[in-house]
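Okay, so the sequence shown: first residue is 9 according to our numbering, each after it adds one.
Ideal placement from N, C-alpha and C gives every residue a C-beta, glycine not left out.
In this text the structure is predicted, and so the values were computed from the model without any measurement.
Here's the structure, in structure tokens; my notes come after.
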Amino acid sequence: MTYSTVSWKALMVTAALTLPGLAFAAEPAMTQGGLLVDHKGLALYTFDKDADGKSVCKDQCATNWPPLKAESTDKSTGDWTVITRDDQTSQWAYKGKPVYTYKDDKKAGDKSGDGKGGVWHVIKP
């Protein structure tokens with residue numbers, strides 16, 4: 009095998025291992041038991057008082073209902089968009105609605121926030 013053949017093969021292997029991570033970023037959630045959950049299996053919620061693309065859940069509300077955080081490098085994909093909160097942090101939105109977890113949900117499958125105050129709802133895709 010010549011040096012150029014070995015180099016070419018090494019380049020192809022490196023590209024094959026790198027491209028899937030770049031081209032196919034994971035969505036911020038998955039469906040489990042008919043609900044959207046984060047990657048820990050915790051239920052995801054929307055808040056009726058939010059406007060499309062705008063969270064009004066701040067301060068104590070955001071402590072009780074942590075926003076589903078997006079990284080500055082995350083990009084919108086499919087039904088998922090990245091929105092900017094008033095504190096300039098990024099949050100995921102599903103079909104335009106900001107997405108949250110609930111502080112009292114402790115383990116996968118918990119959905120104790122569903123229906124709270126008549127304004128919090130688990131997301132059913």
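In its own chain, which residues sit with a C-beta less than 6 Å from the C-beta of residue i, not counting the 5 before and 5 after it?
| i | result |
| --- | --- |
| Leu25 | Note that Leu25 scores 41 on pLDDT, short of 50, meaning its location in the model is unreliable; the coordinates nonetheless yield the value given after this. Within the same chain, Leu25 has no close Cβ partners at all. |
In angstroms with no decimal places, state the Cα-to-Cα distance between residue i and residue j.
| i | j | result |
| --- | --- | --- |
| Pro133 | Leu43 | 7 Å |
| Lys48 | Ala116 | 7 Å |
| Gly61 | Thr54 | 12 Å |
| Lys103 | Glu79 | 18 Å |
| Lys97 | Lys124 | The question names Lys, but residue 97 is Thr in the sequence shown. Cα-Cα distance, rounded: 25 Å. |
| Thr89 | Lys66 | 19 Å |
| Thr81 | Asp122 | 30 Å |
| Gln68 | Asp95 | 14 Å |
| Ile91 | Asp118 | 26 Å |
| Ile131 | Trp73 | 14 Å |
Spatial neighbours of residue i within its chain, please: CB distance less than 7 Å, with the 5 preceding and 5 following residues excluded, ordered by chain position.
| i | result |
| --- | --- |
| Leu76 | Pro36, Asp46, Leu52, Gln99, Trp100, Val107, Tyr108, Thr109 |
| Asp87 | Tyr102, Lys103 |
| Gln40 | Gly49 |
Counting along the chain, where does the beta strand (DSSP E) carrying residue i start and finish?
| i | result |
| --- | --- |
| Ala101 | 98–102 |
CB residue i to CB residue j, shorter than 7 Å?
| i | j | result |
| --- | --- | --- |
| Thr63 | Arg93 | Sequence check: residue 63 is Ser here, not Thr. Yes. Within cutoff. |
| Asp112 | Leu50 | no |
| Val127 | Asp58 | no |
For the alpha helix (DSSP H) that contains residue i, what are its first and last residues?
| i | result |
| --- | --- |
| Thr71 | 67–72 |
Quick one: what's residue i bridged to in DSSP?
| i | result |
| --- | --- |
| Leu76 | Leu76 is not bridged to any residue. |
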